[in-house]
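Engineer: In my numbering, the protein residues as written are 1248 to 1332.
This is the structure, below, for whatever I ask next.
Rendered as structure tokens:
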């Protein structure tokens, strides 16, 4: 079992918090997890995203090229990530 997740939106919407929360919950259940936040220099309002990979096996790379799930919180992120789905 492997779940590749991308969460994306504007800073301040809880994107990184949601990704971190999902990663910690999976880790507590005994899964292997990677969490990779990506954000710009803005404090709020800039775009940000994170990738979370949850697997029963060891994870070699934290990069997600074809996500199992997308959580998109704004239109610019929709335009950026929908072609990957």
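Beta carbons are placed, not taken as given, at the ideal position from N, Cα and C, and that holds for glycine.
In its own chain, which residues sit with a C-beta less than 8 angstroms from the C-beta of residue 1316, not counting the 5 before and 5 after it?
Structural biologist: Excluding positions up to five away in sequence, the list reads 1250, 1251, 1252, 1253.
Engineer: Quick check on residue 1311: buried or exposed, where buried means 16 or more other Cβ atoms within 10 Å of its Cβ?
Structural biologist: Burial call: buried.
Engineer: Per DSSP, which one or two residues make a beta bridge with residue 1315?
Structural biologist: DSSP output for residue 1315 lists no bridge partner at all.
Engineer: Rounded to whole angstroms, what's the CA-CA distance from residue 1309 to residue 1297? Just pull it up for me.
Structural biologist: So the two alpha carbons sit approximately 10 angstroms from each other.
Engineer: Would you call the CB atoms of residue 1305 and residue 1279 closer than 7 angstroms?
Structural biologist: A contact, by the Cβ cut-off of 7 angstroms.
Engineer: Can the beta-carbon of residue 1299 be found less than 7 angstroms from the beta-carbon of residue 1286?
Structural biologist: No; because the gap between Cβ atoms is not below 7 angstroms, this pair is not in contact.
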